[in-house]
Every structure is written in C-alpha cells, then in structure tokens.
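Numbered by the UniProt record's numbering, the letters in the sequence shown go through residues 1 to 890 in order.
The C-beta atom is built at its ideal place from N, Cα and C for all residues, glycine as well.
One structure below.
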Amino acid sequence: MKKRLCILFFLIGWFPSVYGQRSDNGNYVLLLNSASFGEAWSDVLYRSLVEEVRQQGVRVDTEELLVPMMKTPEDARAKREMLLAKYPVPPRAVIYIGDPGWLVCRPLFDREWKEVPTVICYSRDSMPASIEDLLGGNLDSRTAVPASEIAEGYNLTILKQPSFIRETIEMMRQLQPGMNTVALISDHRYISLRIREEVRQTVKKYFPDLAFESLSTPELTTGQLLDTLSGFDDKKGIIYYSWFVTQNRHEYLDDHVQRVIFGLAHTPIFTLTDRDHEEGSFAGGYYIPAIEFSRVASAVIREILEGKPARDISWRDGGAPAAYLDYHHLVHQGVDPALFPKDAVYTQVPPGFFQKYKFHLVVLGALLLLLVSAVVMRLRWFMQRQRQQNREFQLLSQYRKLVDNMPVIYLRKRIAGGSSGSDFEFLDVNPAFEQVFGCTRRQILGKRLSEALSCRDKLSCLAETEQTVHSFVVDGAKGLRYYDKLVFSSSEAGIKDVFCIDRTEEHLALARMERHRAEQEELNEKYKLVLQATGLTPWTWDVGGGLVDCDLSYTSGMEDHSGEHLIVSDEQYYAMIHPDDRERMRAAYADLLAGRNDILQQEYRVIYVQGGYQWAKSFAVIRERDASGSPVQLVGASLQIDVQKRLEQDLREAKEKAEESNRLKSAFLANMSHEIRTPLNAIVGFSSVLADTENEEEKRGYISIIENNNELLLQLIGDILDLSKIEAGTLEFTESDVDLREMFSGIEQSIRLRIPDGHPVDVRFEEPESDYRIRTDPNRLMQVVTNFMTNAIKFTAEGNIRFGYRDRNDGELYFYVSDTGCGIPPEKQRDVFGRFVKLDAFAQGTGLGLSICETIVSKLGGRIGVESVPDEGSTFWFTLPLRPVGKAFL
1 MKKRLCILFF LIGWFPSVYG QRSDNGNYVL LLNSASFGEA WSDVLYRSLV
51 EEVRQQGVRV DTEELLVPMM KTPEDARAKR EMLLAKYPVP PRAVIYIGDP
101 GWLVCRPLFD REWKEVPTVI CYSRDSMPAS IEDLLGGNLD SRTAVPASEI
151 AEGYNLTILK QPSFIRETIE MMRQLQPGMN TVALISDHRY ISLRIREEVR
201 QTVKKYFPDL AFESLSTPEL TTGQLLDTLS GFDDKKGIIY YSWFVTQNRH
251 EYLDDHVQRV IFGLAHTPIF TLTDRDHEEG SFAGGYYIPA IEFSRVASAV
301 IREILEGKPA RDISWRDGGA PAAYLDYHHL VHQGVDPALF PKDAVYTQVP
351 PGFFQKYKFH LVVLGALLLL LVSAVVMRLR WFMQRQRQQN REFQLLSQYR
401 KLVDNMPVIY LRKRIAGGSS GSDFEFLDVN PAFEQVFGCT RRQILGKRLS
451 EALSCRDKLS CLAETEQTVH SFVVDGAKGL RYYDKLVFSS SEAGIKDVFC
501 IDRTEEHLAL ARMERHRAEQ EELNEKYKLV LQATGLTPWT WDVGGGLVDC
551 DLSYTSGMED HSGEHLIVSD EQYYAMIHPD DRERMRAAYA DLLAGRNDIL
601 QQEYRVIYVQ GGYQWAKSFA VIRERDASGS PVQLVGASLQ IDVQKRLEQD
651 LREAKEKAEE SNRLKSAFLA NMSHEIRTPL NAIVGFSSVL ADTENEEEKR
701 GYISIIENNN ELLLQLIGDI LDLSKIEAGT LEFTESDVDL REMFSGIEQS
751 IRLRIPDGHP VDVRFEEPES DYRIRTDPNR LMQVVTNFMT NAIKFTAEGN
801 IRFGYRDRND GELYFYVSDT GCGIPPEKQR DVFGRFVKLD AFAQGTGLGL
851 SICETIVSKL GGRIGVESVP DEGSTFWFTL PLRPVGKAFL
C-alpha cells in the first residue's frame, strides 16, 4: 500500500513537468518533502494540508527533493533551477517537510521567492551552518547553529518535532525490566545522524547503567541488521528510527526493513515518531502523533492564507506528546500486560465480553425494550381512558354550575337550516350574559334573535360571522366594554357555543401603553437631538463587572466607527487616559464611589477611537446601589473640548505674544535710544573738538572716529528701516542674473579695508572650481554676506576669515563665512538669529542684523544656520537654489 502511495506522490510531483512550465497566477501552495513521500507520518500531514488548502480555494503542488541523494552543492543548485523552471510564478506559500529541504532551497528566498510565506514542519532546534556540512554529513555541535539564527530575516515559521528520547527509554525500562542495552536502528541521512547523537547523549546523561549500541547503514547491510536483531533477547531495548537505503539503480530511497523486522525480532521494537503503530509492526513510543501534528500545521497554513505573515506566527511544537503503544505487538513479543503503563494510548486491544457479544446484547435489549414499551403503552392507554371517562362525568355534573359561574359571557345557539347565521335560536345563556345585555334567560330562551325586539340592537353583535374570533363593543351600564367572541361548533349539527371574554382592561392598558410609547419616543427623540447638538458621549460603568459601555452614536468624529457602542474594561479606559491625567482621574472616581463627592466633573486628555490624545470633559453620578449601599453602576457623559482647549491655548499665546510685543517694543525704543545716542554723541562731541584742534594727526583721528560712527549710525538706521519693512510686509526683492565670482571678489576687496589696524586677520575668498550664475536679488545677497563678514571681523582679533560658496550636489548652493574668532557657546547658538540678541553687550550693533538675514534667506528660498566651537571659531552659512551656467532662467 505504501509503495503505491509513494508512486502516486511521485506522479503528482512529476506530472506537471511533462507539459512544461505551469501557467497560473500564483494561486497555489507548494509542498516540498526533503526526502520522499510514502511514510505514514508524511502521508497524514500531506492529506491534512491538501484538504485545508483546497478548502481555501487554493491548489496544492508537491515535489520530492530527495536531499539524501544530493552529494555536492551543484546537485542542490540543479534542484533549485528545476523548481524555478517548473514554477516561474512564486507560490502563495511554501511548506517544507523537514528542514534539510529548506536549507537546500534557502537561496531562492533571498531573491526569486523573497517574502514568500514559509512553514518548516518537523524541524529541529539547530541546523547545519552550511549546505556543504549538510550534504557532506559533517554534523556535530561545532557545525550546528541555532535555527533562529539561520531563519533570521526570512518570512517563515517553524513547527518543531522534538524527540522525547528520555520518556521513550523510561517506558521501555518499565516494559522490559531486565533491559541493559539500548540499540538504535538508523541510517546515514541528516536527521538520522542528529537523532543518533541525541540518543547517545541521552543514554549517557540519564541512563549511565545502560549501554548504547548503534545499528546503522552503511556500516551494516539490511541482511546483517536482520541477523543481528534475530539474536537479541529481552535485555536489548530496540528503537527503530529509519532504515533508508539508496538504490542506485532506481535512484530513489526505499525503506522496506520495517515491514519484515517485526517477524524476526524477539523483543518489542519502539519508535521515536509516529510510524503507523496501529498496523502492529512497532510497539509504539512517546511522541507527538502525526494526526495531532497535522491539525497544528493546518491551523498555521490557514492563518497564512488568510493574510497573516509567517514571521508573525510564533514557533511551536507540533502538538502535545503522549505514550502510544500497540497492545497486540507487546503481547506477541512476550511483555506481561501487568507492566503496561496506565496512562498510555493503546491500539489493537483485544475485545472484552461486551465488545465480543455486542451485537447479540444489543438485539436482545432492543426486543426486551419493545416488549416492555408495548405493555407500558397498553396500561397507560387503559388508565388514560379511565381518567377521561371520570373527567367527562365530572364535567357533565358540574356543567351547569360552571356555566353559571363563568366570568365570561356564554351563549348556546342553534342556527336554522338554510340560515346565513344572522338569525338564530337561543338555547342557553349564563348570568354574565343577562347582566351585560339586560335580558333574562326566561325572556329569550327558545326565541329567535329576530323575536327579541327589546334588546335586538345589543344582541346583533352575536350574529354569525366568518371569523372564529371576533371583537365587538357593548355600551352597558358600566360604559363601553370590549369583548372578544369565540365560536365553537358542537358535534350536533347547527349547534354552536359562543364565549365572549371581557378585554376592556387589556384594551385600556394597551391604549395607555401606546400613549406611553408615543411619549417615550418623543422624549427619546428630544434626548437624541440634544445629544446630537451637544456631541455628548453617554456611557454607563458596571462597577462590579468592570466594564464601560460608551454610546458613540452622537460623538463628533465617530462617523466611520465600525459600531455605535464601544465596550472596554475599566483598566483599558484608564490606559486610554494621558499618563499626566491618569492618577487624577482614578482619584476622582474613587472619591465618587466612596461618597466623598456627589458628582464628578473633570477635564482630561484621552485617546478617542480615531487615535491621538484629545481633551474631554466628563460628568458622572451614581445611578444604582446594591442592598449594602455600595455603588453598582455609574452613569455619565463625556464632551470633546479639544477645540475649546485649543482656543484657550491660542488666547493665552496671543496674550503672551501681545505682552511680549509690548515688552519688545519698549526694549526696542530703549535700545534704539541708546544705540542712536551713542554714535550721535560721538559725532557731535568729536565735531566740536575737531573745530578747536590744530594738530593734523589729531584731526585725522577725530575724523576717523566721526566716519566710523557715521557708518554705525547709517547701518543702524538701515536695519531699522529693513525691520519696519519686514513687519509691514513691504520688503522688496528685485531679481537679476548674478555672477557670484565677481560679486564675492568685490566683497573681499571691500572687507579688507574694514579690518582695524593692529588686527592680524587674513581675509580670503575661496574660489570654487566652477563658475556659477544664479537668479536672485544681488543687493539682498550681498547684504547677508556682508553682515556675516562684519560680524566675523568684529569678533576675530587674529587668525583668518574664509568665505565662499560650493555645490553640494543636493540642488542647492552652499554659502559660508568661517572665522577663527571667539566662537559661540552651544546653549546660545539657537538664539543668535533672534531680534535684539547681542551675545556681547559691549560690542557695537543693535542685534537686528542676523534676524534680518534669516528673513532675507527665507524669502529667497533658502536655509540659514551656524556651526561654532567656543575659542575655535564659527561658520555662518546659508543656502540658495542652484542654477548652473547655461541653465535657462525661470
């Protein structure tokens, strides 16, 4: 059977290649077996995954990678090229049975199949570090690395299949008390080498009194293995893992030992994995069954096909392990059933007495049940018949009394043959009839309706209708009364019994309920209009259950919310409150619950559904208390006041700005008074002295002082005018083509003339390799550079000043002025572009120049900044949009 399944799986994987590449849109899942199909554990997993994937409307393709037959990395590369040729469109997901297949195909997930979700089944905690180690069998602790390290960066998850070796050996010792050796049957494949080492280490660590014997290929042939097993006694505990032998002639892996090993061994043969022990070839073991592993794998692939990334699915074992044993196998190998573990799952258990004679007992029980049922039913029928006769007798004897005392109107009438029912003969009535209709029995019995002239109008409602139940109204002594009439036909032809039930109270109650409902609807409509107008969010808080139910129907900004109600726990509600307000709100609610406050009114910040903290104002009171007086439910409402808070903040900022503006104006007037008076005093004073001075050298000194103060006064007035234009929004810009090399050369010449005598400062324009022409306002550009240069001269007593411009290949031209002056402390660098900022109170100037420069650069479309190190120097820079020579001007 397994061989036919193997051939079937081979054909499934081979068939598409006969017809070339697949033609689809990638709506398929690729299932890759590291070795080959045909084993019980892989068959169960295959069937489960195929069924799950097809239920999702996705096709499943399978391939056998035959990794044990690969010898070199070129074989692995050929296998990958075959997969790419066969599946040119990447699949929706890839499932590997065993991690060797993934190690072979891992390069595909670095390029062609990158980000394709991947699931590795039956994986281990560590893997070989390279494909060469895997194919060469170089597998030990030095070449193995953690699986998490190899899988890092890939969109995959892993379902592990741990080997419960220790538990299996403990169970073997319980079943074979005299066991002194553990023999492991395995082959030369990757996983077998790993298991062999794990069994050896487990025996050495936990069972030092046991010997370990390895029965493996290629050290042993299949015949030698069978001869060895036939000589084992019950002192040898046998664990079968795998015995695959590569048949070079057929080029596939074949495992036929498990089909004959049972007949040659004299002791139970245990396994570490699910080997279809129900067939009786193996005794079983402690492991995760294949069907359990398949259910977990199906759940994982379902999550992936529903859109969840594989890397977001946590790694896990393939299910819960347990002891699985074959009862028949153990008994056949001479194991005493008294030694069998109580908590194991057994198969092929011999049937007990009930199971053996189950059919006969069921048939006998069914016959007895039928006989008893027939007797019981006959007795029951007889007793019911007797009770019915007694009941009829009692009813007949009490009929008159019942009719007379009934709280409903009763009428018995006969309809004459051929009559439509509008006329009838009165046969019997009760006192309730007489009271309502005002007619005595003596007046109407034996008469027809047409003959009862005195009360004919009232009695007309009793005429026959097509409805079995009919409602009518009677205007009696107690006013209008409402009745439901029920008509029942008697067994005697033409005789009918009529019952009229008083529904007046129900009718009035319904009328009152209808009025109340209308009033309630009107009140609810007003309530909804008020909530809609105010944007309030009403809520209730179940104190005992810890749940807050918010009605978002009228909350502003919640139109796109998926539901009208948001129900969260009290801890979730507190978590949505801003950390700075959270403890205050906890204390406020605690005061309300403890009775220290009758009503809660608090403003706080909270996260609404659309995200982000917003200001809200909440009102709350206690709605209900329990028998002990403790609060059971709170009711309240919340109002979004974010707009109000922003308006308050804007008002505060506007007030602060107005106060700051007044302060700055006062400071500006005081500063300007001082700054203007200083050069004017110098000009007036030295002009007076100049008139009385005859010494020519002194005159030249005084003239120089007067000229310097004239320039300072002109600069001050110019800065004030520029500042006033900036404030008024009338600062003018006139664009033209500017030759930067020519402009900066002129600036270099003029600046050198401004260096005070006795200051060894070297001023140099650092010319770039290329010429640049830009379209900008040349006067404003020169104003900015000159201001930077003037400041550099002011604060550089010695050293050098370098200035220039260069292209930084970012679409902008970078201008700079660097000096070796005193520098600017880091905490003051962000303030230098503010108005009236003077880092040196004794230096000349108003503190307006850099602020004006920042405005000019911003208007020209650039950026401005400073880089400085105290005692080493400063670099003031700005950028402008670059337009190289030959570029069309805009």
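When C-alpha distances from residue 426 are compared across 440, 89 and 444, the shortest belongs to 444. In this chain, the beta strand (DSSP E) harbouring residue 868 covers 864-869. Excluding the 5 residues flanking it on each side, residue 161 has same chain C-beta neighbours closer than 6 Å at 122 and 318, in chain order.
Put simply, the segment 755-773 touches the segment 799-808. At least three CB pairs are less than 8 Å apart. Taken in chain order, the complete alpha helix (DSSP H) segments of 4 or more residues contained in the segment 130-195 are 131-136, 147-150 and 165-175. A buried status is given to residue 35, since no fewer than 16 other beta-carbon atoms sit within 10 Å of its beta-carbon.
With fewer than 16 neighbouring CB atoms inside 10 Å of its own CB, residue 513 falls in the exposed class. Taken in chain order, the whole beta strand (DSSP E) runs of length 3 or more contained in the segment 81-121 are 93-97.
Closest option to residue 780, judged by alpha-carbon separation, among 850, 435 and 292: 850. DSSP, read as helix, strand or coil, puts residue 228 in helix. When the five nearest sequence neighbours on each side are left out, the beta carbons in the same chain lying within less than 8 Å of the beta carbon of residue 228 are those of 215 and 220, in order along the chain. Annotation: residue 616 to residue 650 spans about 18 Å, alpha carbon to alpha carbon. Within the model, the alpha-carbon separation for residue 92 versus residue 152 is close to 20 Å. By the CB criterion at 8 Å, residue 127 and residue 158 fall outside the cutoff. For residue 323, the enclosing beta strand (DSSP E) has its first and last residue at 322-326.
For residue 483, the enclosing beta strand (DSSP E) has its first and last residue at 479-489. The alpha-carbon separation between residue 73 and residue 83 amounts to approximately 15 Å. The Cβ atoms of residue 620 and residue 600 lie closer than 8 Å to each other.
Boundaries of the beta strand (DSSP E) around residue 239: 236-240.
Pairing residue 589 with residue 551, the inter-Cα distance amounts to about 20 Å. Within its own chain, the residues whose Cβ lies closer than 6 Å to the Cβ of residue 737, once the five positions on either side in sequence are excluded, are 773 and 775, listed in chain order.
If you compare the alpha carbons of 191, 315 and 101 with that of residue 156, the shortest gap goes to 315. Linking residue 383 to residue 375 through their CA atoms gives a straight-line distance of about 12 Å.
Beyond the five residues adjoining it in sequence on each side, residue 165 comes within less than 7 Å, by CB distance, of 198, 199, 202 and 272 in the same chain, given in chain order.
Taken through DSSP and simplified to helix, strand or coil, residue 597 comes out as coil. For residue 598, the closest C-alpha among the options 581, 606, 574 and 636 is that of 636.
Between the C-alpha atoms of residue 575 and residue 537 there is a straight-line separation of about 18 Å. Close CB contacts of residue 495 within its chain, under the 6 Å cut and outside five residues either way in sequence, are with 414 (chain order). Going by DSSP, residue 431 is part of the alpha helix (DSSP H) stretching over 431-437. Contact annotation, residue 786 with residue 747: C-beta distance approximately 7 Å; criterion of less than 8 Å satisfied. Looking at the DSSP output, residue 705 shares a beta bridge with no other residue. Per DSSP, residue 516 lies in no beta strand (DSSP E); the unbroken alpha helix (DSSP H) holding it starts and ends at 504-534. Cβ-Cβ distances below 8 Å link residue 403 to 410, 428 and 430 in the same chain, with the five nearest sequence neighbours on each side left out; the list follows chain order. Looking at the DSSP output, residue 763 shares a beta bridge with 801.
When secondary structure is reduced to three states using DSSP, residue 550 falls in the strand class. In this structure residue 581 does not touch residue 565 by the C-beta definition: roughly 24 Å separates them, more than the 8 Å allowed.
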